[in-house]
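J.:
In the numbering used here, the protein residues as written are 1 to 785.
(1) By how many angstroms is the C-alpha of residue 280 removed from the C-alpha of residue 636?
(2) Pick out whichever of 545, 463, 485 has its Cα sitting closest to the Cα of residue 514.
(3) Span of the beta strand (DSSP E) holding residue 138?
(4) Based on the DSSP output, what are the partners of residue 15 in its beta bridges?
(5) Please confirm if the region 765–775 is in contact with the region 707–724, defined as three or more CB-CB distances below 8 Å between the two stretches.
(6) Taking the C-alpha atoms as reference points, what is the distance between residue 95 and residue 348?
(7) Taking only three categories from DSSP, how would you classify residue 509?
(8) Evaluate residue 7 with the Cβ neighbour count: other Cβ atoms within 10 Å of its Cβ, from every protein chain shown; 16 or more gives buried, anything less gives exposed.
(9) Looking only at its chain, what residues have a beta carbon closer than 7 Å to the beta carbon of residue 388, apart from the 5 residues adjacent to it on each side?
(10) Pick from 495, 649, 31, 303: whose alpha carbon is nearest that of residue 265?
(11) In terms of residues, what are the limits of the alpha helix (DSSP H) holding residue 449?
(12) Looking at the unbroken beta strand (DSSP E) that takes in residue 482, where does it start and where does it end?
(13) Would you kindly work out how many angstroms separate the C-alpha atoms of residue 709 and residue 782, rounded to a whole number?
(14) What residues in its chain sit with their C-beta under 8 Å from that of residue 181, if we drop five residues either side in the sequence?
(15) Keeping to the same chain, check which residues put their C-beta closer than 7 Å to that of residue 664; ignore five residues upstream and five downstream.
(16) Tell me whether the beta-carbon of residue 127 lies closer than 8 Å to the beta-carbon of residue 140.
(17) How about residue 369 and residue 378: do their beta carbons lie closer than 8 Å?
(18) Taking the straight line between their C-alpha atoms, what separation do you get for residue 590 and residue 603?
(19) Going by other Cβ atoms of all chains shown within 10 Å of its Cβ, with 16 needed for buried, is residue 305 buried or exposed?
(20) In whole angstroms, what separates the C-alpha of residue 786 from that of residue 447?
(21) Please report the straight-line C-alpha distance between residue 458 and residue 386, rounded to a whole angstrom.
(22) How many angstroms separate the CA atom of residue 66 from the CA atom of residue 18?
(23) Considering only their Cβ atoms, is the gap separating residue 245 from residue 225 smaller than 8 Å?
(24) When you compare only the Cα positions, how much space is there between residue 417 and residue 283?
(25) Is the region 437–444 close to the region 529–549, with three or more CB pairs under 8 Å?
(26) How many whole angstroms separate the CB atoms of residue 410 and residue 380, which I take to be in contact at a CB cut-off of 8 Å?
(27) Just grab the DSSP bridge partners of residue 539 for me.
(28) Pair every Cβ in the region 29–44 with every Cβ in the region 345–361, then say whether three or more of these pairs are closer than 8 Å.
(29) Any contact between the region 157–169 and the region 96–115? By contact I mean 3 or more CB pairs, one from each, below 8 Å.
(30) How would you call residue 51, buried or exposed, if buried means at least 16 neighbouring beta carbons within 10 angstroms?
(31) From which residue to which residue does the alpha helix (DSSP H) around residue 644 run?
(32) In terms of residues, what are the limits of the alpha helix (DSSP H) holding residue 457?
(33) Give the DSSP-derived three-state secondary structure of residue 397 in the structure shown.
(34) Would you mind sorting residue 496 into buried or exposed? The rule is 16 or more other CB atoms within 10 Å of its CB.
(35) Quick one: does the C-beta of residue 16 sit closer than 7 Å to a heavy atom of the ligand ADP?
(36) Could you tell me the distance, in whole angstroms, from the CA atom of residue 654 to the CA atom of residue 648?
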């Protein structure tokens, strides 16, 4: 082994150069300041090779010139402004076309190209120039120069090439970061304004994702949704006809069991607050990730609340991968010579455990992967940069690696791209959902030009998607609406003031054949790189509009029928009273005049007849009162229920004393109502509570509670109660749960209560159990402010 001073000096120089490359490579991984990195590269090369000048030339757009982006030694004011030609006759142009580094022994006698003014003006004689990047896609040139003739060694040239390789990797990483960030911004903007609610389940039915609109539709936050299985009885899932769905009939299981998408499946469900809503569900199966052993990975479901046709909003959570490079170096025998912290973290080994060990012995599985083995050996043997990206099972992540050779081994820059791969999968799923949607999803620019539209446009408008991309959105509108649309869009772009309703609007569109189509439309705006775009969801509501018109006609017929029926009931009840009074009068006359002549049976029969006539009169009077609720009701106006309650207690004073009843109440509110009818309402409810009090003296309490725009007023007793199976029957006309011998009455009092409450726009119901009392509750409107 040669141990002469010259050999030792050469060895120290090589070691120093390798250390500089390793340190610079570490710096490249830890900084986002590209200009600072380019400057430090110039300093490192100039200091290490002991030269006067070093430069980093950036190839400008068009490729005709390079810019002195960074450097050391040059005259003040040149860095950042000086340019040089890339002609074939120029040194920069020659270098950009050279596969090997360009070494100049003496620029004054150089015959391959002419020296640029930058070098000539600085009396440059010798130097090295290498390309930054690949021959096919060069970024620029790294060059170093002296003013004295100098013979650069092969190690000097390799050193400059290695620094250029580090710069190429750093520049590529910077480009990748900018690209990923830009894509992330676009996707987040799209998802934030997407009017589609999305939930994602894995193959076991466990929730993986739910956007905000899905939480709003389901009435639960994500934690609550995760705690309720897809087939939990609390959902109370039904089909479109209200028939309960079994677990196998749920949207999730239909997708999982068939492996096929579902479209517009209408489902009813109940929110935690008791509100029942209806949603349409579109769903699609998700393919398993590479490496999974399960047959499927779950399902994605899109939910649209069709209860009130509200605009869909969602914020689909984006999962973008981090751009995090790690670095290690191996020698000619593939022994680790350098490992940075990030590399040790990703390789899941301490740095001390890796240094000095062979790559293939530490990771024998890597040697069995042809793509990895070939990349390392090609880089080392052929001295060319290589790369690969694949899923490495032992470390359980996707890896992207770039390998740069040197005379002493291979430098490897790699990063975990698992999240990026997952993001790509999520993006594909989102695209698949959009493609499968039955609604038209269209994106236009500020000129109203269609930039994208999904296949559903063919079903709704009769156009192929390719026919519309590049065309104006007004092609789908009638002429009058197209004019308003153009004017409204222009005004909004200029003033940010809307003249058109974008959140939700229903209007007529125009199909390809010229026919009209009823639509509901929702639009949202996104801004990307200072350009404004608008994404809309367009739904064909022709069938719903047709049903609405049919329902309107049916409702009008029903109103006319009810009016005629009320008129008939009033007339019939009124006309029946006169002959009934006559019957009752003659029966009472017979009772007074012939009472002594009648035997016991005759007296009983006469009493039965008089009682029947009295009950018939009470029923007729009840029918008359029932029919007058609408026809003789007074306008609804602010009414103090405390005052009404006191009047009712006065009306029932005799009955209260006779039954020894105790009636209490909370402070009652002011409501919007008909004072006379409200007095009748409370009189009937209190009378009912006293009548069915049982053997004990009646105990009755009246309370009120605010619920949004309504007051819930309740009358609670401790009487005989009733079977919940009859809780709706008691409000029907002439329906009784007890015989007249047990409890007197006409059977119309609670029916009158229901009619009065309905006229006030409220509801009435009863909560009761046998022998446990009953609570009758009504809702009455809060007065307008």
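Even glycine gets a Cβ: it sits at the ideal position worked out from N, Cα and C.
Here the structure is a predicted model, which is why all the values come from computation and not from measurement.
T.: So, to answer that:
(1) Taking the straight line joining both Cα atoms gives about 39 Å.
(2) Per the C-alpha coordinates, the member of 545, 463, 485 positioned closest to residue 514 is 463.
(3) Annotation for residue 138: the continuous beta strand (DSSP E) segment containing it runs 138–146.
(4) Answer is none; residue 15 lacks a bridge partner.
(5) As far as the Cβ criterion goes, the region 765–775 touches the region 707–724, which means the pair count is three or higher.
(6) Taking the CA atoms as reference points, residue 95 sits about 41 Å from residue 348.
(7) When secondary structure is reduced to three states using DSSP, residue 509 falls in the strand class.
(8) Label assigned to residue 7: exposed.
(9) Hits under 7 Å: 371, 372, 375, 401.
(10) Residue 303 holds the alpha-carbon nearest to the alpha-carbon of residue 265 among 495, 649, 31, 303.
(11) For residue 449, there is no enclosing alpha helix (DSSP H), since its DSSP letter is neither H nor E.
(12) Here residue 482 belongs to no beta strand (DSSP E); instead the alpha helix (DSSP H) covers 479–495.
(13) Those two C-alpha atoms are separated by around 6 Å.
(14) If we look at residue 181 and ignore the five residues flanking it on each side, it has no Cβ neighbours.
(15) Once the five neighbours on either side are set aside, the close Cβ partners of residue 664 are 701.
(16) In this structure, residue 140 does not lie closer than 8 Å to residue 127 by Cβ.
(17) Here residue 369 is not near residue 378, since their CB atoms are 8 Å or more apart.
(18) If I take the Cα positions, the gap works out to 10 Å.
(19) The residue in question, residue 305, is buried, as its Cβ has 16 or more Cβ neighbours within 10 Å.
(20) Look at the range of the chain in this structure, 1 to 785, and you will see that residue 786 is not part of it.
(21) Those two C-alpha atoms are separated by around 46 Å.
(22) It is roughly 29 Å from the alpha-carbon of residue 66 to the alpha-carbon of residue 18.
(23) Contact: no.
(24) Between the alpha carbons of residue 417 and residue 283 lies a distance of about 28 Å.
(25) Yes, the region 437–444 touches the region 529–549.
(26) That belief holds up - the Cβ atoms of residue 410 and residue 380 are roughly 5 Å apart, short of 8 Å.
(27) In the DSSP output, where bridge partners are listed per residue, residue 539 has 520.
(28) The way I'd put it, the region 29–44 doesn't touch the region 345–361; fewer than three beta-carbon pairs between them come closer than 8 Å.
(29) Yes: at least three Cβ pairs fall under 8 Å.
(30) That one is buried.
(31) The continuous alpha helix (DSSP H) containing residue 644 extends over residues 641–651.
(32) Residues 456–461.
(33) Strand at residue 397.
(34) By the 10 Å Cβ count, residue 496 comes out exposed.
(35) Summarising the ligand content, the structure contains no ligands, and the ligand ADP is consequently not present.
(36) C-alpha separation (whole angstroms): 12 Å.
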